[in-house]
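Enquirer: One line per chain: the protein sequences are A and B, in this order. Residues in the first sequence are numbered from 1 upward in steps of one, following full-length UniProt numbering. Residues in the second sequence are numbered from 1 upward in steps of one, following full-length UniProt numbering. Where is the CB? At the ideal position from N, CA and C, for every residue including glycine. Given the structure is predicted, the values throughout are model-derived calculations rather than measurements. Before we start, here is the structure in question, set down as structure tokens.
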Amino acid sequence: MTRSFILSAGIGDPALADPAMAGEILSAAEAAGVDLLLLGRNDSLLFDPQVIAAWAAPRVSRVGLVPLVSSRIAHPFHVARSLSAIDYLSGGLLGWAPVAQGGSAAQLADMVRATRALWDGWDDDCLIIDKASGRYLDTTKVRASNYVGTHYAVRGPVNAMRPKQGHPVLVCDAASPFAVPGIDVVIAAEGQAFPAAARRLLRVDAGADMAALTARFSAGEIDGLHIELTHPAAELARIGKALAPLTQGRPAAGTLRERLGLPLSLRNIHEEIA
Amino acid sequence: MPRPIHLWAFLQGIGHYPSGWRHPGAEPEGVFTMDYYARVGRLVEKGRFDAIVFGDQLQSRGVRGRTPEHLAMPTLDPMALLSAIASVTQHVGLVNTLSTTYWSPEGLAERFATMDRMSGGRAGWNIVTTAHPDTAPNFGDEELPEKSQRYKMAAQTVAQAQAIWRERNAALGPSPQARPVFVQAGQSGDGRDFAASIAEAIFCSAPTIEEGIAFRNDMRARVAAAGRDPDAVRIMPGLSFILAETEAAAIAKDQAILDLADEALCIEYLSESLNCDLTGFDPAGPIPVDHILSQTCFPKADIGRALEKPAAIGLPLGKFASGYVRTPRGHNVFRGTASQLANMMIQWVDAGACDGFTLQPAYMPGELEIFVEEVVPILQAAGVLRTEYPGSTLRETMGLPRWPADMAA
Ligand SMILES: Cc1cc2nc3c(=O)[nH]c(=O)nc-3n(C[C@H](O)[C@H](O)[C@H](O)COP(=O)(O)O)c2cc1C
């Protein structure tokens, strides 16, 4: 099987909270073959990345939307519901990038675990929706999570469906790591160690020599690049061209997990991995 | 000029009737897809409604750990839905319910500020305090704060959110409405006073025109006493409806939907309303009054009174539950033709019973489609419903004063 190159881009510019600008950036990202679009910047959030991701959901056909989710202000009950909805509305194109934003790494990890526990309160096949018999739901497939961590205690079940992808793609920034199993994608800068993850992306700036980086992908050192954008539309056009040999011909359909070759459902990930 | 009628669409889940999802015109799978919400959002805009409203709960709609099997309970997060609908519509307002008890001022301020920008000024906030005891354990608490305490927290949270919006508007330039339109739905004295102090629109239940008039008069007096202009507050009671070619056909259609609510579904609905699992009891047996009163977390005196008579005449549990489902949630339920409904709406507004209606279709999306195709043109011809939107923000659409740019008020 040939490995697919992963192109990730990040944008934290408050211009993203302008619908006309956001629309342009999304179109440019689609055209450039972006797989993951990280919304928000670690140091400051000038807008709510989950609202932007939800707004963007009806407008994307391949770009994976990856809101930064700050454990400083986000409660797992709210996070689990909001991300589940965006995953459905985008047709399974959601990821999430938890960040501590000045809070502790322990709290960040706890937020991720609690959120996953809430998703796992519902089985993938719990809905019956049979008009004839009147059975809507198989109640044996819904459970209270009774999650008790160091920072959060959340009983559940959450009043939202399990996300379309089971769990949205979990993206970890090596600069703001969290200790949970089953991280899907990790982003690290040059010289920084990659925490364990299914896919490794190297953080570069938009001016980097793409040809040289391509060689490192071919050598199997990395699975793709993450580029922090400062002038999104122009940079996306240029990067799209420079990386076209790697990004063209990749699968464009399916959920983000399917496209990245990540397992679809991660139910009870704690038990499976532990 | 006749008084304008404001329309809101309350689009929670799959319709207002618990059995609505089983109707042939219902699309229960749709509520998990973007296509459905895009279609519904555009439909509401075609009907020139002011806004789409979503309620919200922060607990599973289960009963003491058991999730209902026959009720269409699982939903998607309203804020995500409204943000996505903002993306595929241009005019319709987007009113989201967020709890001041279980949201941080920072989190909700950021959420609404972004939503106001992304929607071009169409955000509204239904400010609730969260009344269900099952919410507390989802936020690490054993019990809800007591009600007057929750309203105190609400006033504080709103003030803190306003301060954050003021700062953000100064730093980034104001969002189109500077802050969302404030909506409230309190019924108690505390709730009404809180609404009178801040709400620009009020959602309530008014089953009869007399109750509507009494509520609106009371609220207008409270708003005036709070030093605000009563004409700058819209009262929007819930209105559920079943439409057909003739009144008899509408009554038959209503009956047919109610018949889809078999006893099992009705008992689950009653259980959910009382927060007391009754699914283990024999539907042919007596109403387990003692069990209900020992289990329910809602006011025992009210519930005891409601159960007294049916229990005394020996009404079986299943029959009682079936009757209960016929009066969903205390809102006005209309059955009849499109022109009868239009006339009723005009009559209510003329009588001062309300400023408009929060429409709750019995099933979705079929019943809402009928309303937009048939009732909307009648209201427009009567000159009580706009044919074009007056502006782009929700405040303009609702004819509410602009919020002062410095938000000093
Ligand atoms: C028509 C109506 C709709 C409401 N919708 C919600 C809702 O979606 N979520 C919620 O938490 N509370 C909702 N509430 C509850 C109120 O906001 C309020 O918290 C509750 O009625 C208790 O306060 P009260 O005793 O002042 O009425 C609603 C109330 C009414 C009357």
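Taking the alpha helix (DSSP H) that residue 193 of chain B falls in, what are its first and last residues?
Expert: 189-198 is the extent of the alpha helix (DSSP H) around residue 193 of chain B.
Enquirer: If you compare alpha carbons, which of B:352, B:166, B:137, B:63 is closest to residue 112 of chain B?
Expert: Measuring from the Cα of residue 112 of chain B, the nearest candidate turns out to be B:166.
Enquirer: In whole angstroms, what is the alpha-carbon distance linking residue 176 of chain A and residue 261 of chain B?
Expert: Cα to Cα, the separation comes out at about 52 angstroms.
Enquirer: Would you please verify whether the beta carbon of residue 158 of chain A is less than 9 angstroms from any beta carbon of chain B?
Expert: It does: the Cβ of residue 158 of chain A has a partner Cβ on chain B nearer than 9 angstroms.
Enquirer: Okay, do the stretch 82-97 of chain B and the stretch 143-155 of chain B touch, 3+ Cβ pairs below 8 angstroms being the bar?
Expert: No: the two stretches stay apart, fewer than three of their Cβ pairs being nearer than 8 angstroms.
Enquirer: Can you pull the DSSP bridge partners for residue 172 of chain A?
Expert: Bridge partners of residue 172 of chain A: A:186.
Enquirer: What is the residue span of the beta strand (DSSP E) that residue 11 of chain A lies within?
Expert: Per DSSP, residue 11 of chain A belongs to the beta strand (DSSP E) from 6-11.
Enquirer: Have a look at B:10, B:25, B:68 and flag the residue whose alpha-carbon is nearest the alpha-carbon of residue 49 of chain B.
Expert: Minimum Cα distance to residue 49 of chain B is reached at B:10.
Enquirer: Roughly how many angstroms lie between the CA atoms of residue 231 of chain A and residue 138 of chain B, to the nearest whole one?
Expert: So the two alpha carbons sit approximately 41 angstroms from each other.
Enquirer: Under the three-state reduction of DSSP, which class applies to residue 227 of chain A: helix, strand or coil?
Expert: Three-state result, residue 227 of chain A: strand.
Enquirer: On the DSSP bridge list, what partners appear for residue 70 of chain B?
Expert: The partner list for residue 70 of chain B (beta bridge, DSSP) is empty, contrary to what the question assumes.
Enquirer: If we ignore side chains and look at the alpha-carbon of each, how far apart do residue 119 of chain A and residue 369 of chain B end up?
Expert: The straight-line gap from Cα to Cα measures roughly 34 angstroms.
Enquirer: Between A:41, A:91, A:33, which lies nearest to residue 54 of chain A when the distance is taken from Cα to Cα?
Expert: Ranking A:41, A:91, A:33 by Cα distance to residue 54 of chain A puts A:91 first.
Enquirer: Which chain A residues are close to residue 104 of chain B, counting only those with a beta carbon under 7 angstroms from its beta carbon?
Expert: Under the 7 angstroms cutoff, chain A gives 73.
Enquirer: Compute the minimum distance between the beta carbon of residue 132 of chain B and the heavy atoms of ligand 1, and state whether it is under 8 angstroms.
Expert: The answer is yes for residue 132 of chain B.
Enquirer: Taking CB distances under 9 angstroms as the criterion, tell me whether residue 46 of chain A reaches chain B.
Expert: By this cut-off, residue 46 of chain A is an interface position.
Enquirer: What's the gap between the Cα of residue 176 of chain B and the Cα of residue 278 of chain B?
Expert: Rounded to whole angstroms, residue 176 of chain B to residue 278 of chain B spans 49 angstroms at the Cα level.
Enquirer: Only counting the same chain, and skipping five residues up and downstream in sequence, which positions put a Cβ closer than 6 angstroms to that of residue 73 of chain B?
Expert: If we look at residue 73 of chain B and ignore the five residues flanking it on each side, its Cβ neighbours are 61.
Enquirer: Distance, Cα to Cα, residue 206 of chain A vs residue 72 of chain A?
Expert: About 29 angstroms.
Enquirer: Which term fits residue 408 of chain B, buried or exposed, when burial requires 16 or more other beta carbons within 10 angstroms of its beta carbon?
Expert: Residue confidence for residue 408 of chain B is low, a pLDDT of 46 falling below 50, so the modelled location carries little weight and cannot support an answer.
Enquirer: Among residues of its own chain, excluding the 5 on either side of residue 250 of chain A, which ones have a beta-carbon nearer than 6 angstroms to its beta-carbon?
Expert: Excluding sequence neighbours, residue 250 of chain A sits near 4.
Enquirer: Measuring straight from C-alpha to C-alpha, what distance separates residue 237 of chain A and residue 115 of chain A?
Expert: If I take the Cα positions, the gap works out to 36 angstroms.
Enquirer: Please look up how many angstroms separate the CB atoms of residue 169 of chain A and residue 262 of chain A, rounded, as I've assumed it's under 8 angstroms.
Expert: With 8 angstroms as the limit, residue 169 of chain A and residue 262 of chain A qualify as a contact, their Cβ atoms being about 7 angstroms apart.
Enquirer: From the DSSP output, in three-state form, read off residue 42 of chain B for me.
Expert: Here residue 42 of chain B sits in helix by DSSP.
Enquirer: Can you tell me where the alpha helix (DSSP H) with residue 239 of chain A in it begins and where it stops?
Expert: Taken as a continuous stretch (DSSP letters only), the alpha helix (DSSP H) holding residue 239 of chain A covers 232-242.
Enquirer: For residue 253 of chain B, count neighbouring Cβ atoms within 10 angstroms of its own Cβ and tell me buried if that reaches 16, exposed if not.
Expert: Answer is buried; the Cβ neighbour count reaches 16.
Enquirer: Using CA coordinates, which residue listed in A:217, A:15, A:58 is at the minimum distance from residue 47 of chain A?
Expert: When only C-alpha atoms are compared, the closest one is A:15.
Enquirer: Unbroken alpha helix (DSSP H) runs of length 4 or more, entirely within the stretch 262-317 of chain B: which are they?
Expert: Those alpha helix (DSSP H) runs which fall completely within the stretch 262-317 of chain B and span 4+ residues are 263-274, 289-295, 300-312.
Enquirer: Go to residue 199 of chain A, then tell me how far its beta strand (DSSP E) extends in each direction, as first and last residue.
Expert: It spans 199-205 - the beta strand (DSSP E) in which residue 199 of chain A sits, taken as one unbroken run.
Enquirer: How many whole angstroms separate the CB atoms of residue 187 of chain A and residue 174 of chain A, which I take to be in contact at a CB cut-off of 8 angstroms?
Expert: Yes, residue 187 of chain A and residue 174 of chain A are in contact; Cβ-Cβ is about 6 angstroms, under 8 angstroms.
Enquirer: With a Cβ-Cβ cutoff of 9 angstroms, do residue 53 of chain B and residue 100 of chain B count as a contact?
Expert: Cβ atoms of residue 53 of chain B and residue 100 of chain B: not closer than 9 angstroms.
Enquirer: Output, in sequence order along the chain, the residues in the stretch 56-77 of chain B whose CB is closer than 8 angstroms to any CB in chain A.
Expert: Listed by position, the residues of the stretch 56-77 of chain B near chain A (Cβ gap below 8 angstroms) are 57, 58, 59, 60, 61, 62, 65, 66, 67, 68, 69, 70, 71, 72, 73, 74, 75, 76, 77.
Enquirer: Tell me whether the stretch 241-257 of chain B and the stretch 337-353 of chain B touch, counting them as touching only if at least three CB pairs, one residue from each stretch, are closer than 8 angstroms.
Expert: As far as the Cβ criterion goes, the stretch 241-257 of chain B touches the stretch 337-353 of chain B, which means the pair count is three or higher.
Enquirer: I want to check one thing, is the minimum distance from the CB of residue 204 of chain B to the heavy atoms of ligand 1 below 8 angstroms?
Expert: For ligand 1, at least one heavy atom lies less than 8 angstroms from the Cβ of residue 204 of chain B.
Enquirer: Does the contact criterion of 3 or more C-beta pairs under 8 angstroms hold for the stretch 20-29 of chain B versus the stretch 373-383 of chain B?
Expert: Segments in contact, no.
Enquirer: In chain order, what residues of the stretch 79-98 of chain B put their CB closer than 9 angstroms to some CB of chain A?
Expert: If the cut-off is 9 angstroms between Cβ atoms, the stretch 79-98 of chain B has 79, 80, 81, 82, 83, 84, 85, 86, 87, 88 near chain A.
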